[in-house]
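Protein chains: 2
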Amino acid sequence: MPELAADDLIHRTLAGERVPLARALSWVENEHPGATALLDACFGRTGRAHRLGITGPPGAGKSTLVTQLAKEYRARGETVAVVAVDPTSPFSGGALLGDRVRMNELSGDEGIFIRSMATRGSMGGLAVHTAQACDVLDAAGFGRILIETVGVGQSELEVAQTADTTAVVLVPESGDAVQAMKAGIMEIADVFAVNKADREGADRAAQAIRSALHLRARTSEWDIPVQLTVASQGEGVRELVDHFERHLAWLADSGTLERRRRRRLEQQLETLMRERLWEEFRARVSARRWDEAVAALGERRETPNQVATRLTEADGSE
Amino acid sequence: MPELAADDLIHRTLAGERVPLARALSWVENEHPGATALLDACFGRTGRAHRLGITGPPGAGKSTLVTQLAKEYRARGETVAVVAVDPTSPFSGGALLGDRVRMNELSGDEGIFIRSMATRGSMGGLAVHTAQACDVLDAAGFGRILIETVGVGQSELEVAQTADTTAVVLVPESGDAVQAMKAGIMEIADVFAVNKADREGADRAAQAIRSALHLRARTSEWDIPVQLTVASQGEGVRELVDHFERHLAWLADSGTLERRRRRRLEQQLETLMRERLWEEFRARVSARRWDEAVAALGERRETPNQVATRLTEADGSE
């Protein structure tokens, strides 16, 4: 695609054209100068899509499950965007391969759009860019956005938390179910899937999760379902989507949807403000002064705390 | 230990007393009000310890290896602090168990101090707290600080990057070696260990790493060694420590140590400044105005970008 004027790109993205949309998502991911105008134009049209986070340990079969979920939603007449968040870990892999398989299986359907997001730039960048990408896809008119993350780190958890509904995918034989209970994953799961449930121990794993759920203090009226799935066979997928749709209805009826989205917007604003404040500060303080401050630290003439206080107080007095 | 006056705690921490030191590290981890004075007092005495980051995928045997490294350093007359960074992942586990085993094996030696750091608070908190804990341990006089991280996410990588020397631990049979090459781990590794080298394929794995190292453009005069180890038998541990000591000498001689530490201090200052700027901003902007801004977003009357611009410009004009 030849270089498009920003207005044209924005206009065609909002009209749901695929090629401009792909370009728009790259703008977001690469922090292109045009991204601000793009996001400004998208923002007013956001809030319509149901955003679903699908997370779980590597090897749980999330990629296959998400493919099946996308198909099921399509069968129900929904348009679907898949945002596959590439693991930030240098030690895991496979996401790209899974993605390519999926691409082949789903390509050719205009109602499905698939995008991978990779880690780039500063910490937190991934969660920010993923949320922004979802805003663009939402504004472009996709009704369901599936955000797939490999839940192996804090930042992936934060990505999952940008969703309205979060599903945690586990497998029968891993000790993950128990680990998950311990580590606070309970707090983010709205739905559990025990995938690869044709393997031994699936019922036992599901039961262990249910028991743990019963033990904890109820924090809402929502009963967290535990669904057995065999994604490779499409088993349990319809039921899982039913749970998602019921959860969406509950979110809306209970006022939880609005509260969650309000909190998400607040976090988004905080992140943006923090970045602005830092940029402003660096524009105010000369490179020379900054370098001198770092040198003072290197020579242990001042502590970081002292330097920060001095730079804050002297603000603007240069 | 009864509540100590801050001055007393700082004084005794700097003297290397173990119980006050443990308390001081809790101050850092919990962002206790006394932490600032503590870190200020410590800062002037930092820069003496050699900080080693030991990272790698879960199951590579890092815990056992770090225990053996600590013993080897002790045999050489060095004091050693171990900072075990708890995986932030809700899906992995085991760090605590490994830690308890290690505790038993190393306890009773006054020249060794072991501390686990868990994820808490905001994103980036772990890397910040780990760096601060290392400052305290450095000021308390430990000569070698081993920072053990499970390399499963961006934040763990950042923890590893607070070290002077970073060792990446892999195992023979995983495809990790190849993945590591792909994913940019090469850029952070100063030393490779192929642990569990009594398993098949260890030589092949080491050779694969060496080949990959030869392919890439040399960015420094340091030849990255690839060491076979069997941590459970103590094999290769002496050689690994030799590599670390050679690397430290090279770092110092080449001026790299100073450059790396300067960059680390600059990052530390940036993080602190960002936090200060945000705190200042929140102190300036009333809760009412902030809530109104979030409400405007919720109703799509303004975009995040517009709100951020308005709040920045109106700064102080309340």
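Chains as they are written, first to last, in the working numbering: chain X, 18 to 335; chain W, 18 to 335. Quick reminder that beta carbons are idealized off the backbone N, C-alpha and C, glycines included.
Give the secondary structure of residue i by DSSP, where H, G and I count as helix, E and B as strand, and everything else as coil.
i: G73(W); result: strand
i: Q250(X); result: helix
i: E48(W); result: coil
i: R132(W); result: strand
i: I164(W); result: strand
i: V102(W); result: strand
i: V97(W); result: strand
i: R63(X); result: In the sequence on display, residue 63(X) carries Thr and not Arg. Coil at T63(X), not helix or strand.
i: A184(X); result: strand
i: F159(W); result: coil
i: Q244(X); result: strand
i: R318(W); result: coil
i: A219(W); result: helix
i: R233(W); result: coil
i: V211(W); result: strand
Buried or exposed: residue i, going by 16 or more other Cβ atoms within 10 Å of its Cβ?
i: S80(X); result: buried
i: G253(W); result: buried
i: R221(X); result: exposed
i: A223(W); result: buried
i: L163(X); result: buried
i: D126(W); result: exposed
i: L232(W); result: exposed
i: R93(W); result: exposed
i: R280(W); result: exposed
i: Q250(W); result: exposed
i: G70(X); result: buried
i: D25(W); result: exposed
i: A148(X); result: buried
i: A58(X); result: buried
i: H260(W); result: buried
i: E275(X); result: exposed
i: A304(W); result: exposed
Spatial neighbours of residue i within its chain, please: CB distance less than 7 angstroms, with the 5 preceding and 5 following residues excluded, ordered by chain position.
i: R29(X); result: P37
i: G218(X); result: P189 and E190
i: A90(X); result: One detail in the question is off: residue 90(X) reads as Tyr in this sequence, not Ala. Taken in chain order, the residues that qualify are V97, R161 and V258.
i: T326(X); result: none
i: A87(W); result: V97, V99, L123, I129 and L163
i: A32(X); result: none
i: A39(X); result: none
i: R255(W); result: E89
i: K213(W); result: G78, V188, P189 and V247
i: A313(W); result: E319 and V324
Report, in whole angstroms, the separation of the C-beta atoms of residue i and residue j, which I expect to be a contact under 8 angstroms.
i: A144(X); j: V186(X); result: In fact, because the Cβ distance is near 19 angstroms, the residues do not count as touching under 8 angstroms.
i: T329(W); j: R293(X); result: 5 angstroms
i: A77(X); j: A54(X); result: The Cβ separation is near 39 angstroms, so there is no contact.
i: T84(W); j: G128(W); result: Not quite, the Cβ-Cβ distance comes to about 14 angstroms (not below 8 angstroms), so this is no contact.
i: A210(X); j: T179(X); result: Actually they are not in contact, since the Cβ atoms of A210(X) and T179(X) sit about 19 angstroms apart, beyond 8 angstroms.
i: F159(X); j: A266(X); result: With a Cβ gap of about 19 angstroms, F159(X) and A266(X) do not count as contacting.
i: P321(X); j: Q284(W); result: At roughly 10 angstroms, the Cβ-Cβ gap does not stay under 8 angstroms, so P321(X) and Q284(W) are not in contact.
i: L282(X); j: V311(W); result: 6 angstroms
i: T63(X); j: A156(X); result: 6 angstroms
i: R317(X); j: G73(W); result: Not confirmed; about 33 angstroms, so no contact.
i: W295(X); j: R291(W); result: 5 angstroms
Ordered along the chain, which non-local residues of its own chain (more than five positions away) have a Cβ less than 6 angstroms from that of residue i?
i: G51(X); result: A23 and W44
i: D207(W); result: T182, T183 and H264
i: E46(W); result: H146
i: L154(X); result: A98 and I162
i: S334(W); result: With a pLDDT of only 46 at S334(W), under 50, the local geometry of the prediction cannot be trusted, and the value read off the model is given with reservation. So the list is empty, once near-sequence residues are dropped.
i: D215(X); result: V247
i: R68(W); result: C151, I162, A180 and D181
i: E165(X); result: I71, K79, V83 and A101
i: E239(W); result: Inspection of the sequence shows that residue 239(W) is occupied by Trp rather than by Glu. Excluding positions up to five away in sequence, the list reads W267.
Excluding five sequence neighbours on each side, which residues of the same chain lie with their C-beta closer than 8 angstroms to the C-beta of residue i?
i: S237(W); result: S271 and T273
i: R277(W); result: D181 and L268
Can we count residue i as close to the ligand SAM, meaning its CB is less than 6 angstroms from some heavy atom?
i: A150(W); result: Because no ligand of any kind appears in the structure shown, any question about the ligand SAM cannot be addressed here.
Kindly provide the ranges of any alpha helix (DSSP H) runs that are 4 or more residues long and lie completely inside the region 247-294 of chain W, ordered along the chain. 254-271
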